[in-house]
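Per the numbering used here: the sequence shown = residues 12 to 466. Yeah, the Cβ is synthetic: ideal placement off N, Cα and C, and Gly gets one too. Just so it is clear, the structure is predicted and the values come from calculations on it, not from any experiment.
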Amino acid sequence: MATWIENFWRTVTNGFWFVPGIFLVVGITLGILAPEFDRLFGGELPSKVEVSATTARATLTTICGAMFTVTGIVFSTTIVALSITSGQLGPRLLRNFMRQMITQVTLGICLATSTYCLVLLPHVDKVEDGVFVPHISISIAGILSIATLVTIVIFIHRVAYSMQAQNVVADVSADLNASIQRLFPSNMGDTLNSGEKGKAESEERKEQWKTVWSKFDEVETLKITSSKDGYLQAIDHERLFHFADLHDICIRILARPGDYVSDQQPFADLKQEQHIDNRDLLPLRNAFITGNIRTTQQDVECAIDEVVEIALRALSPGINDPFTAMTCIDFLSSSLRRFVGQQQESGLRYGPEEQLRLITRPREFSSILEACFNQIRQNSVGNVAVAIRLLEAISSIAECTDKSNHRYALAQQAMMILEANKKAQLVEFDFQAIKQRFRALHEDLQLEVADDLFR
Numbered sequence: 012m013a014t015w016i017e018n019f020w021r022t023v024t025n026g027f028w029f030v031p032g033i034f035l036v037v038g039i040t041l042g043i044l045a046p047e048f049d050r051l052f053g054g055e056l057p058s059k060v061e062v063s064a065t066t067a068r069a070t071l072t073t074i075c076g077a078m079f080t081v082t083g084i085v086f087s088t089t090i091v092a093l094s095i096t097s098g099q100l101g102p103r104l105l106r107n108f109m110r111q112m113i114t115q116v117t118l119g120i121c122l123a124t125s126t127y128c129l130v131l132l133p134h135v136d137k138v139e140d141g142v143f144v145p146h147i148s149i150s151i152a153g154i155l156s157i158a159t160l161v162t163i164v165i166f167i168h169r170v171a172y173s174m175q176a177q178n179v180v181a182d183v184s185a186d187l188n189a190s191i192q193r194l195f196p197s198n199m200g201d202t203l204n205s206g207e208k209g210k211a212e213s214e215e216r217k218e219q220w221k222t223v224w225s226k227f228d229e230v231e232t233l234k235i236t237s238s239k240d241g242y243l244q245a246i247d248h249e250r251l252f253h254f255a256d257l258h259d260i261c262i263r264i265l266a267r268p269g270d271y272v273s274d275q276q277p278f279a280d281l282k283q284e285q286h287i288d289n290r291d292l293l294p295l296r297n298a299f300i301t302g303n304i305r306t307t308q309q310d311v312e313c314a315i316d317e318v319v320e321i322a323l324r325a326l327s328p329g330i331n332d333p334f335t336a337m338t339c340i341d342f343l344s345s346s347l348r349r350f351v352g353q354q355q356e357s358g359l360r361y362g363p364e365e366q367l368r369l370i371t372r373p374r375e376f377s378s379i380l381e382a383c384f385n386q387i388r389q390n391s392v393g394n395v396a397v398a399i400r401l402l403e404a405i406s407s408i409a410e411c412t413d414k415s416n417h418r419y420a421l422a423q424q425a426m427m428i429l430e431a432n433k434k435a436q437l438v439e440f441d442f443q444a445i446k447q448r449f450r451a452l453h454e455d456l457q458l459e460v461a462d463d464l465f466r
């Protein structure tokens, strides 16, 4: 249930309707209730606060018209910013701009102030004893208009901030780091050891996972299938775990968040049991949340792809901005340094009595590393500055881990960078600069490398 609530909250807050809609309702409600406060407490106000009916009507009319105009300007500014962001940095980054709270709050407070004044205006009218002027309500309108102006200034600053590539990379990288922290908890004593012992434990864990996984292929299974096409956004592991524990079974999860699934494609399967049939599996479909787009809720590679997309656009011939690409590499290397310090998935989850309940497809460091650097490496062949920055990034990651599987994956990535640029017909001085960085990295990793790579 918590997974569904989180997914629903992300969906409603990533648009321009939810928060502004709340502000709109608050503005209407306040416009209805404020005159009642005036009738109860308006007589206790000092004379300096009181205004005439004509002044009150003019004030409300001016604020109402101005706020509607400002709302249109804010919408126009937002659309222009979205268009520029989509063209320069990629359409996938639009949601990062749309979910910024300052944008939604600015739209909301403009709508709330204008509707508040519009609802309040009919209350300034004649009554039996004279003219009723809601002085408290007029004061609230003035306060709201000042708050709106302050919010607009902050909004303009945020728009200017968000249209700078470096700041966009930093914001997306912050989402990536948050995803890593959420999906891979900090080391708490259940991680692999380093060195040869760590390598042995890693191999033992992989063999155990392969053995358990392959056993499902040898028997008849019941499958939990998708009911529509789309990307798998999140999995409610707790619901699956409680179902498996309740029925004393083991569930194998075939798909990972971020995978594209077709209609009737299996999400997961479980061994055929006499007390379970296909009707019992229907509620488990709700444990798999699909949608039209990938999200960072449980898909760490989605956030990686957003940073990589910025780098690839920067490296394209039409833009040719290697500095932005190198900024992306810096932030990706920082996230990878964070990742190697986190607890790695085992792919096996046991119940209270050490009974295996869930089998998942764990994300390996090598796949995360490839997602970060493969496309940048492939699209930067011949760019000496980017190649050197990639090798320096790999070197900085190697300093944060002594696990042999991590270091081997880093060495492979470094060798591919060197090999690709070796065939790029660089001038000797530039290629020597790349080889110098590679030699230093090779010595740090202490792994055997073919001698012909240095020639």
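Rounded C-alpha distance that separates residue i from residue j
i: Glu139; j: Ile43; result: Its pLDDT being 43, under 50, Glu139 is placed unreliably by the model, and the measurement read from it follows with that caveat. So the two alpha carbons sit approximately 21 Å from each other.
i: Ile445; j: Arg324; result: 23 Å
i: Ser94; j: Phe350; result: 33 Å
i: Asn18; j: Asp455; result: 43 Å
i: Pro133; j: Gly83; result: 24 Å
i: Tyr419; j: Ser173; result: 38 Å
i: Asp182; j: Ile287; result: 47 Å
i: Asn204; j: Arg360; result: Residue placement at Asn204 is flagged as unreliable, the pLDDT there being 47, under the threshold of 50; the coordinate-derived value follows with that caveat. Asn204 and Arg360: Cα-Cα distance of roughly 20 Å.
i: Phe449; j: Leu401; result: 10 Å
i: Pro294; j: Ile165; result: 46 Å
i: Arg296; j: Glu231; result: 20 Å
i: Ala298; j: Val272; result: 14 Å
i: Val438; j: Asn416; result: 34 Å
i: Ser63; j: Phe48; result: 18 Å
i: Pro31; j: Glu249; result: 34 Å
i: Trp28; j: Ala189; result: 25 Å
i: Leu118; j: Met112; result: 10 Å
i: Thr22; j: Glu229; result: 40 Å
i: Phe376; j: Lys414; result: 11 Å
i: Ile167; j: Phe278; result: 45 Å
i: Arg169; j: Arg106; result: 15 Å
i: Glu410; j: Ala266; result: 33 Å
Contact check, residue i vs residue j, beta carbons under 8 Å
i: Leu369; j: Phe252; result: yes
i: Ser391; j: Ala398; result: yes
i: Leu380; j: Gln424; result: yes
i: Asp274; j: Ser238; result: yes
i: Thr335; j: Ala176; result: yes
i: Ile8; j: Gly101; result: Look at the range of the chain in this structure, 12 to 466, and you will see that residue 8 is not part of it.
i: Thr124; j: Ile74; result: yes
i: Leu71; j: Val144; result: no
i: Asp270; j: Leu233; result: no
i: Ala431; j: Arg388; result: yes
Residues of its chain near residue i, where Cβ-Cβ distance is below 8 Å and the 5 sequence neighbours each way are ignored
i: Thr126; result: Leu35, Gly38, Ile39, Gly42
i: Val460; result: Confidence in Val460 is poor, its pLDDT being 49 and thus under 50, which makes the residue's placement too unreliable to answer from.
i: Asp463; result: Interpretation of Asp463 is limited by its pLDDT of 45, a score under 50 that renders its predicted location unreliable; the figure taken from the coordinates is listed afterwards. Nothing meets the Cβ criterion.
Of the residues the options, the one placed nearest residue i, counting alpha carbons only
i: Arg263; options: Val272, Lys282, Phe342, Asp247; result: Lys282
i: Cys339; options: Phe376, Ala382, Thr65; result: Ala382
i: Thr89; options: Gln219, Gly26, Met337; result: Gly26
i: Ser184; options: His453, Ile315, Phe442; result: Ile315
i: Gly241; options: Phe195, His258, Thr301; result: Thr301
i: Pro268; options: Arg305, Ala431, Glu430, Glu317; result: Arg305
i: Leu343; options: Leu187, Ile147, Glu375, Glu47; result: Leu187
i: Phe52; options: Ile147, Ala409, Arg21, Gly32; result: Ile147
i: Ile489; options: Pro277, Ala266, Ile246, Phe227; result: An answer regarding residue 489 cannot be provided, because it is not within the stretch 12 to 466 covered by the chain.
i: Ile33; options: Val81, Ala13, Asn303, Val116; result: Val116
i: Thr65; options: Arg50, Ile149, Ala409, Leu155; result: Ile149
i: Ala171; options: Phe108, Lys221, Gln219; result: Phe108
Whole-Å CB distance - residue i paired with residue j, under 8 Å assumed
i: Val319; j: Gln386; result: 6 Å
i: Val179; j: Leu104; result: 6 Å
i: Ala45; j: Leu131; result: 7 Å
i: Ala404; j: Asp341; result: 7 Å
i: Cys121; j: Thr159; result: 6 Å
i: Asp247; j: Trp15; result: 7 Å
i: Ile163; j: Val223; result: The Cβ separation is near 58 Å, so there is no contact.
i: Gln276; j: Thr307; result: That pair is no contact at about 23 Å.
Cβ-based neighbour list, residue i, same chain, cut-off 6 Å, excluding 5 preceding and 5 following
i: Asn256; result: As written in the sequence, residue 256 is Asp, which differs from the Asn given in the question. So the list reads Gly362, Arg368, once near-sequence residues are dropped.
i: Pro373; result: Glu356, Gly358
i: Cys128; result: Leu71, Ile74, Cys75, Ala152
i: Thr371; result: Ile264, Gly358
i: Ala451; result: none
i: Thr412; result: Val351
Residues of its chain near residue i, where Cβ-Cβ distance is below 7 Å and the 5 sequence neighbours each way are ignored
i: Arg110; result: Thr24, Asn25
i: Ile191; result: Val311, Ser346, Arg349, Phe350, Gln353
i: Leu194; result: Gln309, Val311
i: Asp441; result: Val395
i: Glu317; result: Arg103, Leu104, Val183
i: Ser378; result: none
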